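**Q** Taking the working numbering, I'd label the letters of the sequence shown as residues 1304 to 1480.
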Amino acid sequence: MANSDLAKWYVIRTYSAYETLVKKNLESMIALHGLEDQIFDIVIPTEEDIVEKNGKRKVVERKKFPGYVYIKLIYSEHIGYFVRQIRGVSGFVGPEGKALPLTTDEVKRIGLEKITAADFHIEVGDNVRIASGPLETFLATVEEIYPDKQKVKVIVQMFGRQTPVELEFNQIEKLSN
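1) Mapping the DSSP letters down to three states, classify residue 1308 as helix, strand or coil.
2) CB-CB under 6 Å to residue 1318, same chain, minus the five flanking residues each way: which ones, in chain order?
3) Thinking C-beta only, is residue 1346 closer than 8 Å to residue 1378?
4) With C-beta atoms as the reference, is residue 1333 less than 8 Å away from residue 1386?
5) Under the three-state reduction of DSSP, which class applies to residue 1460: helix, strand or coil?
6) When you compare each of 1352, 1330 and 1325 to residue 1437 by their alpha carbons, which one comes out closest?
7) Who are the near neighbours of residue 1383 in its chain, counting only those whose CB is closer than 8 Å to its CB and skipping five residues on each side?
8) Starting from residue 1383, follow the alpha helix (DSSP H) in both directions and report where the run begins and ends.
9) Are there 16 or more other CB atoms within 10 angstroms of the CB of residue 1304, so buried, or fewer, so exposed?
10) Judging by CA-CA distance, which residue of 1356, 1456 and 1330 is the nearest neighbour of residue 1466?
11) From which residue to which residue does the alpha helix (DSSP H) around residue 1412 run?
12) Cα separation between residue 1444 and residue 1470?
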């Protein structure tokens, strides 16, 4: 069993607007202390949002969970201590500040791990339910699949019209027939 198979996802609470700095500082700490075999990934989940300003539409990237950074690691008191010492970190999310790993369902819902094309069992024409994002719970039909981008184009019935929407693999669930 590889070390990364033992790793779990944890949530770190950060000071407001410190997420990117915390990620950079964590990456520096990992390199400095040789912790690549214990800390495997650091993610700040983002989503695209369409903003209209002065009559022009613009796509902006927003943090899904401001004030939080997600980290995949093999937890020990030693690693927990290093992480808590990073500037901008106020602690782990969990009871009384103790690190509590996310469940597999939470990891999937948040979209922390990418779904490979081999694990993706949805085909063009399949009916799906949108599991996350602004169109959550909407039903749709898969029109195109882009395995290289880990995205699908679905058709959603909105306001009496069929609207094409591009989503990530982890944002949809196949409806059972």
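Beta carbons: idealized from backbone N, C-alpha and C, even for Gly. As the structure is a computational prediction, the values presented were derived from the model and not from experiment.
**A** Result, derived from the coordinates:
1) As a position in the sequence shown, residue 1308 is number 5, starting the count at 1. Judged by DSSP in its simplified three-state form, residue 1308 adopts helix.
2) If you number the sequence shown from 1, residue 1318 lands on position 15. Excluding positions up to five away in sequence, the list reads 1391.
3) Counting from 1 along the sequence shown, the entry for residue 1378 is found at position 75. Counting from 1 along the sequence shown, the entry for residue 1346 is found at position 43. Result no, Cβ atoms of residue 1378 and residue 1346 do not sit closer than 8 Å.
4) Position 30 of the sequence shown holds residue 1333. Position 83 of the sequence shown holds residue 1386. Not a contact, by the Cβ cut-off of 8 Å.
5) As a working note, residue 1460 is residue 157 in the sequence shown. Looking at residue 1460 - three-state DSSP - the assignment turns out to be strand.
6) The residue you call residue 1437 lines up with position 134 of the sequence shown. The closest CA to that of residue 1437, considering only 1352, 1330 and 1325, is found on 1352.
7) On the sequence shown, residue 1383 is found 80 positions in, with the first residue counted as 1. Taken in chain order, the residues that qualify are 1395 and 1402.
8) Here the question's residue 1383 lines up with position 80 in the sequence shown. For residue 1383, the uninterrupted alpha helix (DSSP H) run begins and ends at 1380-1387, by DSSP.
9) Working through the sequence shown from its first residue, we reach residue 1304 at position 1. Here the model assigns residue 1304 a pLDDT of 47, short of 50, so the residue's position is not dependable, and the following value carries that caveat. Here residue 1304 is exposed: its Cβ has fewer than 16 other Cβ atoms, across all protein chains shown, within 10 Å.
10) For the purposes of this step, residue 1466 is taken as the residue at position 163 of the sequence shown. Taking only the C-alpha atoms, the option nearest residue 1466 is 1456.
11) If you number the sequence shown from 1, residue 1412 lands on position 109. Start and end: 1407-1413.
12) In the sequence shown, residue 1444 corresponds to position 141, counting from 1. In the sequence shown, residue 1470 corresponds to position 167, counting from 1. If I take the Cα positions, the gap works out to 12 Å.
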